[in-house]
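Undergrad: Residue numbers (my numbering): 6 to 425. Dropping a structure here in structure tokens format, bear with me for questions.
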């Protein structure tokens, strides 16, 4: 098709859609103007914004087909060489996902074709590494979404094959993502797409600690305002449960300080945030009070019920970690009796708690079983809440005063010391 025909077809389509859907006349006419003036960057950004809001802008064409698909085929693809490749991949992804809610395309075949065609050898050669990674990540997420909606058991041959293919793509692309680092101007978009796919995969197959690692990265690179209320609620719920039940997940501060957790406030699951906050403080009794108050609701969460003992152990260990953190660095020789009072276990079980913390590398130090003390030389770093930050700031202030006094003493006595 000649450039003249390409332009004519694109403009004709945009004008016809503007007429067919008067409520969308303004955005369609905006695209017409940008196309006529050959403002390709503005055209791609306006198109991306347009297809990113399906609840307001997705319609059907005069032929009854998906309007995003028609826009992509008749306007965007013919000029793909002129467009920012990452933005092109993002538009393709939005179009592909819009098809999943369209009954004729619900099986995902047409949706997958859009991204697969973009990743074909001939087209892929033009894609930047970030664009290719984004497209591959979204293709993986598309497959997981179709699988989840199908209701097919994850143990069937087709499901296992699909999940294995997704895992292979995630493993391959993780090294590519590391090479991109943050040098790309739109790195956050690519990171968000990758970690959403990895997070969704781990939600399907587990374990919770693996889901947590991917989800906390997804939250770091994603603007929650871009997510629907339902998606934010689901993310906050899954992330909270993964933090509580995931093996080796002790940095509750990452979740407590995350904006994602706020959407649970005032809901039936608000107790999850309370449990995490108590755990982050190492407040064993506070954690138990929340658990007792919401015992019936907790019984409805299979992951909390099945890992109840592991969660209890985790809170006990966090209580020890916080007890050590609250002590000045020169006062970290703790008696078993003091530890018993703080972590709410009998004195004869304190040794086990200390050994467990040492084995998990939550702390470093030496234990004196005869004197029943432990001398702690290091405690794991973690994200602190506002109160813990204020306490740390107070310690820095005390340290600064001591340094200042030492400095003054040295100035005052240096002459006398040198003259001796």
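Don't be surprised by glycine CBs; every beta carbon is placed ideally from N, CA and C.
1) Classify residue 122 as helix, strand or coil using the three-state DSSP reduction.
2) Please work out which residues of its chain come closer than 8 Å, Cβ to Cβ, to residue 148, disregarding the five sequence neighbours upstream and downstream, and give them in chain order.
3) Identify the continuous beta strand (DSSP E) that holds residue 340 and give its terminal residues.
4) On a CA-only basis, which of 252, 307, 312 and 320 is nearest residue 279? Give me that one, please.
5) Buried or exposed: where does residue 415 fall if 16 or more other Cβ atoms within 10 Å of its Cβ makes it buried?
6) Tell me, to the nearest whole angstrom, how far the beta carbon of residue 265 is from that of residue 241; I am working on the premise that it is less than 8 Å.
7) Taking residue 378 as the reference, give the member of 232, 329 and 95 with the closest Cα.
8) Taking the beta strand (DSSP E) that residue 291 falls in, what are its first and last residues?
9) In whole angstroms, give me the CA-to-CA distance for residue 61 and residue 162.
10) Based on DSSP bridge pairs, tell me the residues matched to residue 379.
11) Going by C-alpha distance, which of 96, 25 and 371 is nearest residue 339?
12) State the DSSP-derived secondary structure class of residue 316, mapped to helix, strand or coil.
13) Using a Cβ-Cβ cutoff of less than 8 Å, which residues in the same chain neighbour residue 324 once the five nearest sequence positions on both sides are dropped?
14) Quick check on residue 1: does DSSP put it in helix, strand or coil?
15) Please go through the same chain and pick out, in chain order, the residues whose beta-carbon is closer than 6 Å to the beta-carbon of residue 136, but skip the five residues on each side of it.
16) Please identify the residue among 277, 104 and 32 whose C-alpha is closest to the C-alpha of residue 244.
17) State the DSSP-derived secondary structure class of residue 66, mapped to helix, strand or coil.
18) Which residues mark the beginning and the end of the alpha helix (DSSP H) in which residue 258 is found?
19) Looking at residue 65: is its Cβ nearer than 8 Å to the Cβ of residue 142?
20) In whole angstroms, give me the CA-to-CA distance for residue 257 and residue 145.
21) For a test of the three-state rule: what should DSSP assign to residue 350, helix, strand or coil?
22) Where residue 248 and residue 83 are concerned, what is the direct C-alpha to C-alpha distance, given to the nearest angstrom?
23) Exposed or buried, which one is residue 15 when buried takes at least 16 other CB atoms within 10 Å?
24) Measuring CB to CB, does residue 322 end up less than 8 Å from residue 361?
25) Using CA coordinates, which residue listed in 227, 307 and 251 is at the minimum distance from residue 216?
26) Alpha carbon to alpha carbon, what distance is there between residue 307 and residue 212?
27) Quick one, are the C-beta atoms of residue 63 and residue 37 less than 8 Å apart?
28) Measure the C-alpha to C-alpha separation of residue 52 and residue 180 and round it to an integer number of angstroms.
29) In or out: residue 271 buried (at least 16 other Cβ within 10 Å) or exposed?
30) Between the beta-carbon of residue 45 and the beta-carbon of residue 79, is there less than 8 Å?
31) According to the Cβ coordinates, are residue 344 and residue 326 closer than 8 Å?
32) Need the endpoints of the alpha helix (DSSP H) that residue 224 sits in, please.
33) Report the residue from 218, 197 and 254 whose alpha carbon sits nearest the alpha carbon of residue 229.
34) Classify residue 188 as helix, strand or coil using the three-state DSSP reduction.
35) Pick helix, strand or coil for residue 384, following the three-state DSSP scheme.
TA: Straight from the coordinates:
1) If DSSP states are grouped into helix, strand and coil, residue 122 belongs with the helices.
2) Cβ neighbours of residue 148 within its own chain (closer than 8 Å, five residues either side excluded): 113, 117, 167, 170 and 171.
3) Run containing residue 340: 338-340, per the beta strand (DSSP E) assignment.
4) For the residues 252, 307, 312 and 320, the minimum Cα distance to residue 279 belongs to 320.
5) That one is exposed.
6) Confirmed, Cβ separation roughly 5 Å.
7) For the set 232, 329 and 95, the Cα lying nearest the Cα of residue 378 is the one of 329.
8) No beta strand (DSSP E) holds residue 291; the alpha helix (DSSP H) holding it covers 289-298.
9) Residue 61 and residue 162 have their C-alpha atoms some 39 Å from each other.
10) In the DSSP output, where bridge partners are listed per residue, residue 379 has 339 and 372.
11) When each option's Cα is compared against that of residue 339, the closest is 371.
12) Three-state result, residue 316: helix.
13) Within the same chain, Cβ atoms closer than 8 Å to the Cβ of residue 324 are found at 287, 288, 289, 347, 348 and 349, the five residues on either side in sequence being excluded.
14) A question about residue 1 goes unanswered here, because the residues of the chain that appear run from 6 up to 425.
15) Taken in chain order, the residues that qualify are 90, 91 and 94.
16) The candidate whose alpha carbon is nearest that of residue 244 is 277.
17) In the structure shown, residue 66 sits in coil (DSSP, three-state: anything other than H, G, I, E or B).
18) Element bounds for residue 258: 258-261.
19) No. Outside cutoff.
20) Looking at the two C-alpha atoms, the distance is approximately 29 Å.
21) Assignment of residue 350 by DSSP, reduced to helix, strand and coil, places it in the coil class.
22) Going by C-alpha positions, residue 248 is about 47 Å away from residue 83.
23) So residue 15 counts as buried.
24) Residue 361 is positioned such that its CB atom lies closer than 8 Å to that of residue 322.
25) Nearest to residue 216 by C-alpha distance, out of 227, 307 and 251, is 251.
26) Roughly 14 Å separates the two Cα atoms.
27) Going by C-beta atoms, residue 63 is not nearer than 8 Å to residue 37.
28) Straight-line Cα distance between these residues: approximately 31 Å.
29) Looking at its Cβ environment, which holds fewer than 16 other Cβ atoms inside 10 Å, residue 271 is exposed.
30) It is not a contact, given that the beta carbons lie outside the stated cut-off.
31) Not in contact: residue 344 and residue 326 (Cβ atoms no closer than 8 Å).
32) Counting along the chain, the alpha helix (DSSP H) containing residue 224 begins and ends at 213-226.
33) Ranking 218, 197 and 254 by Cα distance to residue 229 puts 197 first.
34) Bear in mind that a pLDDT of 48 at residue 188, under 50, signals an unreliable position, so the number given afterwards is only what the model happens to contain. Secondary structure of residue 188 (DSSP, three-state): coil.
35) Note: residue 384 maps to strand in three-state DSSP.
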